[in-house]
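Residue numbers (this note's numbering), protein chains in the order written: chain A, 1220 to 1371; chain B, 1154 to 1562.
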C-alpha cells in the first residue's frame, strides 16, 4: 500500500457545497476573511455534538470557506450554542459569552427536545440566528456561509 | 454476577443484577454478595471516579465544562502535581436532564422518544433496551422481521460510533491522513443511517412493530455498508503498519480484566481486557455471531476490538438485509394500552450494556430506571488514567467511547 502521504492525495473526499438561504444576519463586512467558531454544548442530547464532528469531515472541508474551529472562546468570532441549557450550564455559558472578544456574534441551535431552558431566554447579546430545531452538519455550514456572505 | 443499578422504591433499596443474559431485581437485604461498584452507582449523578488527593504541590486541574478539549458538558477534576495524574473525579451533573422523571406517566411512543434522546449516538440501543423491557412487562415478543430490523439499527449504530472513536484516536495521535479518511467514512455512515431510517442518528424508527415496507432503500444501504467496510478494512490494515500510531496507543490507559469486572464495565472495554462477553451471543436472530476479544486492556486493544467489530457489524447488516428481503411479515398490531407489568430489557450498545427497568400500567410508563454504559466507562477512564500524563487524556478518554449525555441522562 502507498505511504500515508501518497494515499492522502489519491482520493478526493471534498464535495461541492451549495448553500441554502437562511434567516441569519449577514456579517460579511466584519468577518470578510475568516470566521472562527466556538461550539459550546449546554446540555444537548449529543446529536449536535456529533453534527459538529461531522462538520469537521473532509466532505464539507469548511476550511476552504475560511471557517475554522477556535480552541477557546477568546479566539472566536461566533459562539455556537448547541442545545437547551441545563441548570448547571447557565453560568458557564454566561461566562463564556463574557470571554468573547468584540465584535462577536451568537448562534443558538437547539436539539428539538423540551429539556432545560432555551438560551434565547437568557438575554444574551448579539444573537444573530436562532433555531428551535436540530440542524444537520450541512445545514450548519449553510448558516455559517449566510453569515460570511458569498466567498470561496 | 454484575451490579448494574441501585435505586430506592417504597423505602426499599433495590439492586439490578446481571448474570449472563439473566437480569434480576433484588432487595439489598436479600443479596449476600458485596459489589465494589455499589457506592459508585449510588452516587452516579454526583461524581464518578476517585477522591481528591492532597499533598505537596498537588492541585486540581479542572477540565471542562467549557474547554477546547472537552466537547461535552461535564467536568473532570484531575489531581496532579504537574505531570503524573494522581486521581480523577468526574462531575456529570452539567448534563443532567432528569429523563427518568420526564418519562414517568407518558404513553409508549412518547417514552420511546425520550429514551432516544438520552444520548443520540446510542439512540437506537436505548430505544431497543426500553422496548425489550416493555415486551417483558407485557409478556410478548415482537415479530421476527421487527427483531431483525432492530439488529440492522443496532449494528449501523455500532459502525458509525466505532468509526468515530477510531478517527478520534488517530487524530489524537496526529495521524492526519488516516483521521481525515476515517472522518470521511464516519460521515458516510451517518448518511447511510439517513438512507435507512430518514435519521442520521437512527431515531423515530424503533417500535414494538416495525413495518418492513417502510424501508425502501435496503439495497442501497447494503451497498453503502459494503463500501464502508472495504474502505475501512484497507485503512485499518494500513494503520497497523504505522509504528508512530501503534506506539502512542500501546500500553496507554491500561485496564486489566479484574479491575474492569469490579467496575462493572461492559462492551468493547471489557472485551479488550480479555473477557469473552457479549450479550448479542444470546440473541436468537444474530446468525453466526462471534465475540471479538483482545487481552492487553490498553487503548490499542480497545481500538482493535472496535475495528474488528466494525467489519463484523458491516457483514451482519448486509446479511440481515438479505434475509429480511426474502421474509414475509405478519401485521400483528399490538394493543399498547393493554401492556401492564414490570420488565427489564437490555441492548449491547457500541460502548456496552444499556439496561431499562420499566413498570407499565395500561400502556403508560409508571417508573423507569436506566443503566448506561457511560457511567461504568467514566469510572473505568478515571481509574485507568491514573499514573499517566495529561497528554494521554484524549487517547484514554476517547478509547472508552463514552459521553456525558449517556452518563447523566
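Glycine included, each C-beta is placed from N, C-alpha and C at the ideal position.
Bear in mind the structure is a predicted one, so any value in this text is a computation, not a measurement.
Output yes if chain B places a C-beta closer than 7 Å to the C-beta of residue i; else output no.
i	result
residue 1276/A	yes
residue 1273/A	yes
residue 1308/A	yes
residue 1237/A	no
residue 1311/A	yes
residue 1371/A	Residue placement at residue 1371/A cannot be trusted, given a pLDDT of 49 that sits under 50; what the coordinates show is reported in the next sentence. With 7 Å as the cut-off, residue 1371/A does not count as an interface residue toward chain B.
residue 1317/A	no
residue 1251/A	no
residue 1232/A	yes
residue 1342/A	no
residue 1229/A	no
residue 1242/A	no
residue 1255/A	no
residue 1334/A	yes
residue 1305/A	yes
residue 1259/A	yes
residue 1223/A	yes
residue 1284/A	no
residue 1266/A	yes
residue 1368/A	no
residue 1290/A	yes
residue 1323/A	no
residue 1269/A	yes
residue 1362/A	no
Please determine whether the Cβ atom of residue i lies at a distance below 6 Å from any heavy atom of the ligand FAD.
i	result
residue 1411/B	Absent from the structure shown: the ligand FAD. Ligands present: none.
Am I right that residue i and residue j are in contact with their C-beta atoms under 8 Å? What's the rounded C-beta distance?
i	j	result
residue 1240/B	residue 1199/B	Their Cβ separation, rounded to whole angstroms, is 16 Å, which puts residue 1240/B and residue 1199/B out of contact at 8 Å.
residue 1265/B	residue 1283/B	6 Å
residue 1249/A	residue 1344/A	Between residue 1344/A and residue 1249/A the Cβ distance is about 15 Å, and since that is not below 8 Å, they are no contact.
residue 1235/A	residue 1337/B	Not confirmed; about 15 Å, so no contact.
residue 1551/B	residue 1321/B	4 Å
residue 1118/B	residue 1313/B	This structure cannot settle anything about residue 1118/B, because the visible part of chain B is limited to 1154 through 1562.
Start and end of the beta strand (DSSP E) containing residue i?
i	result
residue 1233/B	1228-1233
residue 1467/B	Note, residue 1467/B: premise wrong, no beta strand (DSSP E); alpha helix (DSSP H) at 1452-1479.
residue 1368/B	Counting along the chain, residue 1368/B falls outside any beta strand (DSSP E), and DSSP gives it neither H nor E.
residue 1172/B	1165-1172
residue 1287/A	1286-1288
residue 1347/A	1346-1350
Between which two residues does the alpha helix (DSSP H) carrying residue i extend?
i	result
residue 1215/B	Per DSSP, residue 1215/B belongs to no alpha helix (DSSP H); it is in the beta strand (DSSP E), 1212-1216.
residue 1326/B	Looking at the DSSP string, residue 1326/B is not in any alpha helix (DSSP H), and its letter there is neither H nor E.
residue 1274/A	1266-1274
residue 1410/B	1410-1416
residue 1157/B	It is not in any alpha helix (DSSP H) - residue 1157/B instead sits in the beta strand (DSSP E) that spans 1155-1162.
residue 1177/B	Not the alpha helix (DSSP H): residue 1177/B falls in the beta strand (DSSP E), residues 1175-1180.
residue 1425/B	1421-1425
residue 1191/B	1191-1195
residue 1278/B	1276-1291
residue 1219/B	Run containing residue 1219/B: none; DSSP gives neither H nor E here.
residue 1359/A	1356-1367
residue 1401/B	1396-1402
residue 1361/B	Run containing residue 1361/B: none; DSSP gives neither H nor E here.
Within 7 Å of any Cβ in chain A, is that where the Cβ of residue i sits?
i	result
residue 1546/B	no
residue 1246/B	yes
residue 1221/B	yes
residue 1224/B	yes
residue 1309/B	no
residue 1483/B	no
residue 1558/B	yes
residue 1218/B	yes
residue 1330/B	yes
residue 1337/B	yes
residue 1270/B	yes
residue 1322/B	no
DSSP puts residue i in a beta bridge; with which residues?
i	result
residue 1384/B	DSSP, once it has assigned bridges, lists no residue as partnering residue 1384/B.
residue 1500/B	1507/B
residue 1259/A	1300/A
residue 1244/B	1228/B
residue 1494/B	1513/B
residue 1260/B	1517/B
residue 1326/A	1299/A, 1348/A
residue 1524/B	1508/B
residue 1237/B	1542/B
residue 1201/B	1243/B
message: Beta carbons nearer than 7 Å to chain B: which residues of the stretch 1344-1358 of chain A have them?
response: 1355
message: Can you pull out the residues from the stretch 1351-1383 of chain B whose beta carbon lies closer than 7 Å to at least one beta carbon of chain A?
response: 1353, 1354
- prompt: Going along the stretch 1236-1262 of chain B in order, which residues come within less than 7 Å of chain A, judged by CB to CB distance?
  reply: 1246, 1247, 1248, 1249, 1250
- prompt: Which of the residues in the stretch 1498-1514 of chain B, read from start to end, lie with their CB under 8 Å from any CB of chain A?
  reply: none
task: With 7 Å as the C-beta to C-beta threshold (strictly closer), list the residues of the stretch 1276-1295 of chain B near chain A in chain order.
output: none
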